[in-house]
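Numbering (my numbering), first residue to last: 1306 to 1599. The beta-carbon is built from N, C-alpha and C at its ideal position, and this holds for glycine as well. Predicted model, so just to flag it, every value in this text is computed and none were measured.
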Amino acid sequence: MANVVINKLVIVGVGLIGGSFALALRKAGLVKHIVGIGRSRENLQRARELGVIDEIADDFALALPGADLVLLAMPVGQTGKIMAQISPYLATGTIVTDAGSTKQDVVAAARSFLAGHLQNFVPGHPIAGAELSGVTAASADLFRDKNLVLTPLDETSTEAVTRVTELWQGCGARVLHMRADRHDAILATMSHLPHVLAFTLMHHVCTSADDKPEDLLRFAGSGFRDFTRIAGSSAEMWRDICLANRAALLGQIDSYQNELTDLREMLARGDGQALEKFFADARAARQRWLQDKS
1306 MANVVINKLV
1316 IVGVGLIGGS
1326 FALALRKAGL
1336 VKHIVGIGRS
1346 RENLQRAREL
1356 GVIDEIADDF
1366 ALALPGADLV
1376 LLAMPVGQTG
1386 KIMAQISPYL
1396 ATGTIVTDAG
1406 STKQDVVAAA
1416 RSFLAGHLQN
1426 FVPGHPIAGA
1436 ELSGVTAASA
1446 DLFRDKNLVL
1456 TPLDETSTEA
1466 VTRVTELWQG
1476 CGARVLHMRA
1486 DRHDAILATM
1496 SHLPHVLAFT
1506 LMHHVCTSAD
1516 DKPEDLLRFA
1526 GSGFRDFTRI
1536 AGSSAEMWRD
1546 ICLANRAALL
1556 GQIDSYQNEL
1566 TDLREMLARG
1576 DGQALEKFFA
1586 DARAARQRWL
1596 QDKS
């Protein structure tokens, strides 16, 4: 657990993740002053009104002096641009970390734009979130008992990794370390593909049927609602994630398509025994997963 308080934290992108990080550190008593910077002045003003941040900065030249830690919590598609903008103003001891859902692209951007600061760069990803966005969705308990993955570079110092680990533990997260490519492969399966499926089903229902969407959706039950919940997520954010991790995601889409093809063939030939086994295997796997979680 962290025992050294951050004097100054700068958050780039004070939304669900950035705002929740700020609130969690405040709750744990691990931060004194929080500066927010981002694209939406309205969102930043709301963050200050809610006590998520103490100060709004208009540019990095004003925001970064004296910062102990910078959290990059904007959509991953902006990573390179933001790194290039912050690089001239980073002090030698300032730690930079991120919360992006993809890591290989973030590491590549850091090597391009933070080449002189890699010893203090700690890539990270909290496996936590919601379909809502913006600072009003932030929660001090968002990361409690959730996994947080760090993918340090070879150049990253032990001290920087330890400090970021302690801060996320202070937020209640379980911190894991792995390679960036391993992270991206796992998340393509367990997060990126499910989001694509939820968006696709919602799109299909609203564009592919003869009936009007509202005529169909009034018959939607809790199963449809639960399955498509994550289709309420930010379109911009998920566009960037899919493009950033497209190689791994394409592989997962192809693999899933093969599963659908197999299922379609069972259905086409009326093979009830094969269908039942397919469903039973999936059901058993889910039950084992839930038992392991409990």
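Same chain only: Cβ atoms within 6 Å of residue i, ignoring 5 sequence neighbours per side
i     : result
F1365 : Q1390, I1391 and Y1394
R1449 : G1477
S1325 : A1443, S1444 and L1447
M1279 : Residue 1279 cannot be examined here, being either before or after the span of the chain that is shown, 1306 to 1599.
I1342 : V1317, A1362 and A1368
H1508 : none
A1503 : T1533, I1535 and A1536
R1479 : N1452
N1312 : K1337 and D1373
Per-residue DSSP class, three states only, for residue i
i     : result
G1526 : coil
L1506 : helix
V1310 : coil
H1354 : At residue 1354 the sequence reads Glu, which differs from the His that was named. The answer is helix: DSSP assigns E1354 an H, G or I state.
E1436 : coil
E1460 : coil
T1494 : helix
R1593 : helix
L1266 : Absent from the structure is residue 1266, since the part of the chain shown begins at 1306 and ends at 1599.
D1486 : helix
D1516 : coil
L1580 : helix
S1392 : helix
T1441 : helix
G1521 : Residue identity check: residue 1521 is Leu in the sequence provided, not Gly. Three-state DSSP puts L1521 in a helix.
A1599 : It should be noted that the sequence gives Ser, not Ala, for residue 1599. The answer is coil: DSSP assigns S1599 none of H, G, I, E or B.
K1408 : coil
S1291 : This structure does not reach residue 1291, given that the chain is present from 1306 up to 1599, and the question cannot be answered.
Closer than 8 Å to chain E by CB, residue i
i     : result
Q1596 : This model lacks chain E altogether; it includes just one protein chain.
Start and end residues, beta strand (DSSP E) containing residue i
i     : result
I1342 : V1336 to I1342
H1482 : R1479 to H1482
Endpoints, the alpha helix (DSSP H) within which residue i is located
i     : result
R1468 : T1463 to G1475
V1381 : From DSSP, V1381 is part of no alpha helix (DSSP H); its letter is neither H nor E.
R1449 : From DSSP, R1449 is part of no alpha helix (DSSP H); its letter is neither H nor E.
A1368 : F1365 to A1368
Per DSSP, cross-strand counterpart(s) of residue i
i     : result
F1426 : V1401
L1374 : L1314 and I1400
V1454 : H1430 and L1481
E1360 : V1340
Sequence-distant residues of its chain with Cβ nearer than 8 Å to residue i (five each side left out)
i     : result
P1428 : T1402, D1403, G1405, K1408, V1411, V1412, A1415, L1455, T1456, P1457, L1458 and A1485
D1359 : H1338, I1339, V1340 and R1353
M1306 : With a pLDDT of only 45 at M1306, under the threshold of 50, the placement of this residue in the model should not be trusted; the figure read from the coordinates follows. Result list for M1306: E1471, Q1474 and G1475, in chain order.
G1556 : A1493
Cutoff 7 Å; reference residue i; Cβ partners in own chain excluding five residues on either side
i     : result
L1506 : F1532 and T1533
F1583 : L1568 and M1571
F1607 : The requested residue 1607 is not part of the displayed model; the chain covers only 1306 to 1599.
Write down every uninterrupted run of the beta strand (DSSP E) in the region 1532 to 1574 whose length is 3 residues or greater and which is fully enclosed by it, in chain order. none
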